[in-house]
């Protein structure tokens, strides 16, 4: 090459290099300028954070920026900077060499601009935890170089497109915590290199999991939890042999777990909780040898827990609660020595808890609640010194609580309510200062409540109700400064309420009802500013209601009923601004109702009944527009009912009986539709078209005319009475002599073979060796007559025997004779009645099966009393009551339906006894005298004291539940009516409520059990008018199949049966 050509070549190369350098310089300037321009659009605070971004330095030295060797920007990492603005002014095309963008956890908003698709070389894109809106731009799915795409919690919406399958190089994909909708696209299966996949918490992401998921064999984590995915888990998921973590919880997946999952030996975590999955756990679960977390809770799994579960020795947490598992806990559970969390909560597990559970010394939480476990708690529980939570509530445990329950000092939550625990509270619990929640209610625990409990500075909720605790309330409860709820109702606690309790300044609920408390209500209670419930009813508290109670401005419930309180109702109490329930009934309060009650705008229930209140009903009462229930009965109120009551549209139930009220009823449906018993015994109430009340006259002149007429008649009658007195006196003396001359009278059935002396001899003058039972009205004896005939004799208690007063003896004899002639297969045969100066008794046919309550109390007899027999007994009682109410003339009211008054023959056929007892006890009364066994009486009897057909219906409902449950259902009924426990009780499974002693009911009988339960709950409605008639019940039970199918029986809840009725609550 010549020298000239060489110079030309060198000159060309120099020019070329200069052009390249100039181009590179321009490129770098373009990147820097793009960033600086974007910076100016951010808020002032953000610009200060990015102060290093300026023209004076190379962008490669800027905060969050990295460059390659050519000084071109490759990485933008501004995570956690707190920047605020949009991405719209960022020119993405200015960064041809950008490989990674990370803007995690900032305050960017607006949409993600489609120009982001210009970042053709980017392999990591993290826009997570910002405040974007709109959909994922389709251009993102053209970035085929992407290895990681993170859009977690970006508030994005719309659907995931099929074009996601274009991102074949992805190893990490997270679209969690957005508002994405639609289905998971099948194109997801093309992402064969993906290792991490998360769509967590996109509530509107629905449809099934695509079968193509099984093609992504490099996956080690799948998180599809908290969506609305449905359908079955695809069996192809078992192809993912590298999968370690599978989260599918909180969806609506159904069907059984595919068998292929039980072979995924690399799984360390399997969360399938909170779905609709069913089926059982197979023995092959032992193949998941590396599993440390298993959550199957809140599904419909059933069957037994396989013993092979004990081979998963790496398990750290095991959640099987809220399913339908049955059978015992396998002893192999004791092999899981690494467990920290173990939950069997709410299943159908039964038997005793294995002693091997004591091997799990690392347990932090043990939940056995709401099953059917029985026997005593194993001594091994005392070894669990790391326990923070122990829940054994709602089982059938007996015996003592574990003595060393808190020996480790870490126990914070101890729930043992609703069992049959006895004895005292463990000493270790007294010093358990970490206790935050302690629930022991519904047992038979005893001991001095002041001595066995300590000081719990961290406690929030303490419930000791429904036990046998005695002694006095310790002032130390005031030292529990975090305590919000303290319940001690239904014990035998005595003494005064200690004023020191007010030192528990966070106390919100204080329930001390149904004890033996005495003394005065401490005025210091008025200092408990956070108190919103004060329930101290049914004690022996006396004195005045302290006006300081009016300082409790947050109080919503005030129950002081059933005490011995006196004096006036303080005006301050009637001005509590948030009060919803006020019950001051059954006290000795006097004076008038304070006018300040108008301040009680939120009040929904007001009960001032059974006091000594007088004066008129204040018109301000009508301003309580939210009042639902009003009871002013059994006082001495007078005057007219204010017209302001016309506008009380929320009023549902009212009782103003047994006062001195007069005048027209308000134009209000609660009054106009009220049962007559809630209006009776007043001075002169009237209403047009209300049965039982006189119509109201509109003209004053008519009243005056009537007054004059009746005045004249009264004067004439007085004169006539004086003249007849002498004549009647002689006749009356003769009549009394005739009555008193009778030593006794007897009424027997047609055979006439029994007599007073025969019964006396057969019972050896009512010797105790012939005594076979006791009732509220009398004692029952077995008597064998000389003829060989065996009868049952009920000797009436002296206080209930008929006195010597004069009455229409002939009419009474006719009525009893009618009873002896009644014939019904489900009514006990009454042979006769005898009234004598020494004894009064009834003679019945003797039945060898005994009474129903005796059968239910005897464990062996109750086990033999199977479901077919129980259903027939219920039908038999229904038939008898229907006959008495609707086929007898006049109708016969029983008045005392209870398990004691249902007798059984050798074939378990039911026979109702003691029908018509009201007539025997007081023959000159109507058929409505009150003689109801405690626990069976309808709620309205507390006010009316009068038996009706509908009160018999209520008692029948109680009896039905008693037969189904094997025990009196009082707790269940109270829970259904309580606003605080109704929702929990509604969710109880019927099979859990039923008596567990007889064998499980056969398919042929389960529909009838559901149907009976439904009608029993209908009988328990609080409003008598809402209850069905016995004729309707008998007919339905005879016809009766439940519309709910047999296979639904294990999952039927009490609330469903209530809704199957009238569709509303029992109230």
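Residue numbers (mature numbering (1 follows the signal peptide of the UniProt record, and there is no 0)): -25 to -1, 1 to 1042.
Positions of the beta carbon are idealized from the N, C-alpha and C atoms, including for glycine.
**Request:** Go to residue 348, then tell me how far its beta strand (DSSP E) extends in each direction, as first and last residue.
**Result:** Annotation: the continuous beta strand (DSSP E) that includes residue 348 extends over 347 to 350.
**Request:** Taking all protein chains shown into account, decide if residue 1048 is buried (16 or more other Cβ within 10 angstroms of its Cβ) or exposed.
**Result:** This structure cannot settle anything about residue 1048, because the visible part of the chain is limited to -25 through 1042.
**Item:** Alpha-carbon to alpha-carbon, residue 74 and residue 50
**Value:** Spanning the two alpha carbons is a distance of roughly 6 Å.
**Asked** Looking only at its own chain, which residues have a Cβ that is under 8 Å from the Cβ of residue 440, when we skip the five neighbours before and after it?
**Response** Correct list, in chain order: 416, 417, 462, 463, 464, 465, 466 and 486.
**Asked** Just reading off the beta strand (DSSP E) that residue 220 is part of, what are its end residues?
**Response** If you look at residue 220, you'll find it in the beta strand (DSSP E) that goes 220 to 222.
**Request:** Rank 826, 548 and 917 by C-alpha distance to the C-alpha of residue 873 and give the top, closest one.
**Result:** Answer by Cα proximity: 826.
**Message:** Would residue 219 and residue 192 qualify as a contact pair, given that the criterion is a beta-carbon distance under 8 Å?
**Reply:** No. Outside cutoff.
**CA-to-CA distance, residue 841 to residue 974, given in whole angstroms** = Those two C-alpha atoms are separated by around 7 Å.
**Asked** Shortest alpha-carbon distance to residue 347 belongs to which of 385, 389 and 301?
**Response** Each of 385, 389 and 301 was checked against the Cα of residue 347, and the nearest Cα belongs to 301.
**Length of the line joining the Cα atoms of residue 216 and residue 1028** = It is roughly 41 Å from the alpha-carbon of residue 216 to the alpha-carbon of residue 1028.
**Request:** Reducing DSSP to helix, strand and coil, say where residue 1044 ends up.
**Result:** Since the first residue of the chain shown is -25 and the last is 1042, residue 1044 is not available in this structure.
**Prompt:** Taking DSSP as the reference, what is the three-state secondary structure of residue 108?
**Reply:** In the structure shown, residue 108 adopts coil according to DSSP, grouped into three states.
**Asked** Going by alpha carbons, who is nearest to residue 1046 out of 629, 635 and 652?
**Response** Any answer about residue 1046 is impossible in this case: the structure gives the chain only from -25 up to 1042.
**Request:** Excluding the 5 residues preceding and the 5 following residue 413 in the sequence, name in chain order all residues of the same chain whose CB lies nearer than 6 Å to its CB.
**Result:** Closer than 6 Å at the Cβ level, and outside the excluded window around residue 413, lie 389 and 437.
**Asked** Whose C-alpha, out of 151, 771 and 266, is nearest the C-alpha of residue 808?
**Response** Residue 808 has its Cα closest to that of 771, out of 151, 771 and 266.
**Prompt:** Out of curiosity, what's the CA-to-CA distance linking residue 330 and residue 250?
**Reply:** About 32 Å.
**Item:** CA-to-CA distance, residue 271 to residue 213, given in whole angstroms
**Value:** Going from the Cα of residue 213 to the Cα of residue 271 covers about 18 Å.
**Prompt:** At which residues does the beta strand (DSSP E) containing residue 446 begin and terminate?
**Reply:** Judged by DSSP secondary structure, residue 446 falls within the beta strand (DSSP E) whose first and last residues are 443 to 447.
**Asked** By DSSP, does residue 758 sit in helix, in strand, or in coil?
**Response** Residue 758 sits in a strand when the DSSP states are folded into three classes.
**Asked** Cβ atoms of residue 165 and residue 189: under 8 Å apart, would you say?
**Response** Taking 8 Å as the cut-off, the Cβ atoms of residue 189 and residue 165 do not count as close.
**Item:** Three CB pairs or more closer than 8 Å across the stretch 336 to 355 and the stretch 985 to 993
**Value:** Counting C-beta pairs with one atom in each stretch, the stretch 336 to 355 and the stretch 985 to 993 have fewer than three that are closer than 8 Å, which means they do not touch.
**Asked** Taking DSSP as the reference, what is the three-state secondary structure of residue 81?
**Response** Note: residue 81 maps to coil in three-state DSSP.
**Asked** Would residue 305 pass as a contact of residue 280 if the rule is Cβ separation under 8 Å?
**Response** Yes.
**Prompt:** Do the stretch 226 to 233 and the stretch 251 to 262 make contact, defined as three or more Cβ pairs closer than 8 Å?
**Reply:** The stretch 226 to 233, when compared against the stretch 251 to 262, does touch it at the 8 Å Cβ threshold.
**Request:** Flag this pair as yes or no: are the beta carbons of residue 427 and residue 399 separated by less than 8 Å?
**Result:** Less than 8 Å divides the Cβ of residue 427 from the Cβ of residue 399.
**Asked** Should residue 858 go down as buried or exposed, given a rule of 16 or more other Cβ atoms within 10 Å for buried?
**Response** Flag for residue 858 reads buried.
**Prompt:** Buried or exposed: where does residue 554 fall if 16 or more other Cβ atoms within 10 Å of its Cβ makes it buried?
**Reply:** It counts as buried.
**Asked** What three-state label does DSSP hand residue 745 in the structure shown?
**Response** Residue 745: helix per DSSP, three-state reduction.
**Request:** Taking 8 Å as the threshold, find out whether the stretch 521 to 541 comes into contact with the stretch 469 to 479 through three or more Cβ pairs.
**Result:** No, the stretch 521 to 541 does not touch the stretch 469 to 479.
**Message:** Can you give me the C-alpha to C-alpha distance between residue 46 and residue 266, rounded to a whole angstrom?
**Reply:** A straight line joining the alpha-carbon of residue 46 with that of residue 266 spans about 49 Å.
**Message:** According to DSSP, is residue 306 part of a helix, a strand, or is it coil?
**Reply:** Secondary structure at residue 306: helix, using DSSP grouped into helix, strand and coil.
**Expected contact under 8 Å - CB spacing of residue 130 and residue 150 to nearest Å** = Rounded to whole angstroms, the Cβ separation of residue 130 and residue 150 is 12 Å, and the two are not in contact under 8 Å.
**Message:** Suppose you measure from the CA of residue 94 to the CA of residue 232; what does that come to, to the nearest Å?
**Reply:** Between residue 94 and residue 232, the C-alpha separation is close to 43 Å.
**Member of 871, 849 and 879 whose CA lies at the smallest distance from the CA of residue 829** = Taking only the C-alpha atoms, the option nearest residue 829 is 879.
**Item:** Beta-carbon gap between residue 541 and residue 512 smaller than 8 Å
**Value:** Judged by beta-carbon spacing, residue 512 lies beyond the 8 Å limit of residue 541, meaning their Cβ atoms are not closer than that value.
**Prompt:** Mapping DSSP to helix, strand and coil, what is residue 158?
**Reply:** Strand at residue 158.
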